[in-house]
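Okay, so the sequence shown: first residue is 2 according to the working numbering, each after it adds one. Where a beta carbon is used, it is the ideal one built from N, C-alpha and C, also for glycine.
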Amino acid sequence: MSDGLPLKSQDEQHLDLIVILHYVVAGMFVMSGLSLVFAIGMIKQLFLVILKVGYDIDDLPPEANEVLDQKMPIVVGSFVALCWVHAGVVGWFGKKIARRQYRRLCIIFEVLHCIAIPVGTALSILTILALRRPSVKA
């Protein structure tokens, strides 16, 4: 019983699922960037341990204090920005797959996105397999 709604083919259902997975993975990258923001204090303590100074920040030489206080937020901010840009790109490609546009560009991105182990690799393989089907090409 289909309440007047047209039934979707299996390929369309798979592509819709892949779109949802792209949005989920994009959300994961946004959250991983946010986790870096909240982890700045722990990262600072890690650097103190690496410098073998201990946990007392007052014993640090001024140069190390400058690095930890001024340059570390820039480095962490850069990683956060990278995570968010990556999330935006993954979401954009999910949107293009949903609209059934730029199929060839989506395949190229998914080949490059295989580097993002393990989630990006699994999503990329599923997307490439779905987009390479003859019925999706048409």
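Pair within 9 Å by beta-carbon distance, residue i and residue j
i: L69; j: K45; result: yes
i: A27; j: V91; result: yes
i: L83; j: G121; result: no
i: A99; j: D17; result: yes
Per-residue DSSP class, three states only, for residue i
i: P135; result: helix
i: I116; result: coil
i: A1; result: Nothing about residue 1 can be reported from this structure: the residues present for the chain run from 2 to 139 only.
i: K45; result: helix
i: R105; result: helix
i: S33; result: helix
i: K97; result: helix
i: K72; result: helix
i: S10; result: coil
Whole-angstrom C-beta distance between residue j and residue i, which should lie under 8 Å
i: F146; j: H23; result: Residue 146 is absent from the structure shown; the chain starts at 2 and stops at 139.
i: L37; j: V81; result: 5 Å
i: I41; j: P7; result: Their Cβ separation, rounded to whole angstroms, is 51 Å, which puts I41 and P7 out of contact at 8 Å.
i: I19; j: L127; result: 6 Å
i: I108; j: I129; result: 6 Å
Cutoff 6 Å; reference residue i; Cβ partners in own chain excluding five residues on either side
i: A88; result: A27, F30, V31
i: H114; result: G121, S125
i: Y103; result: K97
Close-in-space but distant-in-sequence residues of the same chain around residue i (CB under 8 Å, 5 per side omitted)
i: D12; result: A131, R134, S136, V137
Cβ of residue i within 9 Å of any chain E Cβ
i: F94; result: In the structure shown, chain E does not exist; there is a single protein chain.
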